[in-house]
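Everything on this sheet refers to the single structure shown next.
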Amino acid sequence: MVGVICGMLTGNMDAVTNAAIDSAGDAVSLCITMLGVVALWMGLMEIAGQSGLVERMTKGIAPFLHFLFPNIPRNHPALGYIATNVIANVLGLGWACTPAGLKAMEELVNLEKKRGNAQYLGEGNRAATEEMCTFLILNISSLQLIPVNVIAYRSQYGSANPARIVAPAILATLCSTLTAVLYCRLKTRRSKGGQRHAGKTL
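All the letters of the sequence shown, read from the start, carry residue numbers 0 to 201 under numbering that gives the first Met the number 0.
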């Protein structure tokens, strides 16, 4: 509204109208570009799943997941969904990791119900568990080997080398993920230490 009013007052309504039309065209072009990228990578992810590659990758990162989530049973479905989410994030497939992340949270809720957590047995307010917080932090830190979104954006807007962002993106997300892992482990140790101290006091 401010832009339109300024355009009217300065006699530049033609420029405002042309900018709006050009922006709408750019938005449609970007959506088409992103649609192709999504179709390509989602297809590759589906092939990886059908061929058993995702399952093998899940087994490969199992020690890392057990390190971060020591209280989740080894064969619990939540670990499978968390692994799928992490793998999709590493490949830069933000669209593919969302369903797995939601299913992981559902399974973590079911785990708390099986444990008899009173907050999750009723319908009242619920506090996020340690596992839920750890998963959320890990998901937000988002280590990526292939930043698909950024590459697609750079390609759409005429970058001479769209993939040049890969190395800086790997470095940045590696730092954020390591920070997230260290933070989660420190908080876990602190909470365990507090529980032990409370137990001695009682």
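Note that the Cβ used here is the ideal one computed from N, Cα and C, for glycine as well.
In this structure, DSSP gives I145 a state outside helix and strand, which the three-state scheme calls coil. With a beta-carbon spacing of about 10 Å, I145 and I164 fall beyond the 8 Å limit used to define contacts. Burial is judged here by how many other beta carbons sit within 10 angstroms of a residue's own beta carbon; Q118 has fewer than 16 and is exposed. Contiguous beta strand (DSSP E) elements confined to the stretch 1-79 do not occur, taking only those with 3 or more residues.
Per DSSP, I139 is one residue of the alpha helix (DSSP H) stretching across E129 to S140. With fewer than 16 other beta carbons inside 10 angstroms of its own, C174 counts as exposed.
In this structure, the beta-carbon distance from N148 to G91 falls below 8 Å. Counting along the chain, L120 sits inside the alpha helix (DSSP H) bounded by residues A117 to L120. When C-beta atoms of the stretch 130-146 are compared with those of the stretch 57-70, three or more pairs fall below 8 Å, so the two segments count as touching.
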